[in-house]
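*Asks:* The working numbering puts the sequence shown at residues 1 to 271.
Have a look at the structure that comes next, please.
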Amino acid sequence: MDGRRPRVLLGSTGSVASIKVAGLCRLLLEIADVKLMVTSSAKNFINEADLPTEVKPVLGDESEWRQWRAVGDPVLHIELRRWADILVVAPLSANTLAKMANGLADNLLTCVVRAWDFTRPLLVAPAMNTAMWTSPFTSRHLDTLTELGGANVVVVPPVSKRLACGDEGTGAMAAPEDITARCRQVLESLHLLAQIIPAEPLPKSTSHGRQLQQPEQQQPATQPRQDASVPAGAQEESTEAAAEAADLARAKSRDAATGDEAVMVAAAAGG
């Protein structure tokens, strides 16, 4: 790598979990250079003002056509394919998963996937309603990706919690900390990270999903007192749910003029 930092190409799709992309970008920037590309549906949930300056400008479908004018000009999805050491799609909606598995290339993100070199890792973090996650279509599409890329396709499975539609079940995107930790592990396994950046442990996730094993860390001498009448896990879940509800409310407020479209996008993306 000639001493350079690893390069992570992050793609975000039209799932309500895209409200967490800004935080995911910040975590990934601790271990790599990051470029962010988004689908048109994802824009309903992302406030660019919240994104780190290091990932701007955000790349979208219009970026492809703005750059190319004549034969010999750079083609963005090919340039991104060449640039990235790893492609991370988080959140991955049911819609985009189906496109990827069937080779569709109708936007910048799916064009990158269609051209992707599967000798390099592809990490995906699905996010959708429980009914979509348990659908036989989903397992078939994930199997197709795995057949294409083998061990280089890494799936960070969704977790169980209260979803945006109000259902309780599995389908929420894994915590950004867990996605970043898995990305770190992949980069280290390819010797793309260890020589450049010390492998400091990431904060553990408070999600209901599995916890990636982290090196032991010294605990503070004192811990904040918790209300004895409320279990610790319930306090953490309540805090996380409140934060996500606030983020979703802000996203809905930004898109009030196109509310019907946003609702359709959230439904198609699996909650």
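We treat Cβ as the ideally placed atom computed from N, Cα and C, and that holds for glycine.
1) Tell me the DSSP secondary structure of VAL112 in three-state form.
2) For VAL16 and PHE45, I'd like the C-alpha separation in whole angstroms.
3) Apart from the five residues just before and just after GLY149, which ones in its own chain have a Cβ nearer than 7 Å to its Cβ?
4) Can you find the residues in the same chain that come closer than 7 Å, C-beta to C-beta, to SER18, ignoring five residues on each side of it along the sequence?
5) Can you tell me which of the three DSSP states PRO176 falls into?
6) Taking 8 Å as the threshold (C-beta atoms), are ALA98 and PHE137 in contact?
7) Rounding to the nearest angstrom, what Cα-Cα distance links LEU24 and ALA32 in this structure?
8) Would you tell me roughly how many angstroms separate the C-alpha atoms of PRO198 and LEU59, rounded to the nearest one?
9) With MET100 as the anchor, note down where its alpha helix (DSSP H) starts and where it stops.
10) Apart from the five residues just before and just after TRP83, which ones in its own chain have a Cβ nearer than 8 Å to its Cβ?
11) Going by beta carbon distance, what residues of the same chain come within less than 8 Å of ILE78, once the five residues before and after it are set aside?
12) Which residues bound the beta strand (DSSP E) around ARG140?
13) Look at the Cβ atom of GLU93, then the Cβ atom of ALA127, and state whether they are nearer than 8 Å.
14) Could you give the first and the last residue of the continuous beta strand (DSSP E) run that contains LEU10?
15) Which residues mark the beginning and the end of the alpha helix (DSSP H) in which ARG69 is found?
*Replies:* Reading off the structure:
1) helix
2) 6 Å
3) PHE118, LEU122
4) SER12, ALA42, PHE45, ILE46, PRO91
5) helix
6) yes
7) 12 Å
8) Bear in mind that the predicted position of PRO198 carries a pLDDT of just 46, short of 50, making it unreliable; the figure below should be weighed with that in mind. In a straight line, the C-alpha of PRO198 is about 29 Å away from that of LEU59.
9) 94 to 102
10) ARG7, LEU9, LYS35
11) ALA115
12) That residue, ARG140, is in no beta strand (DSSP E); its alpha helix (DSSP H) goes 136 to 149.
13) Note that residue 93 is Ser in the sequence shown, not Glu. Yes; because the gap between Cβ atoms is below 8 Å, this pair is in contact.
14) 7 to 12
15) Taken as a continuous stretch (DSSP letters only), ARG69 belongs to no alpha helix (DSSP H), as it is neither H nor E.
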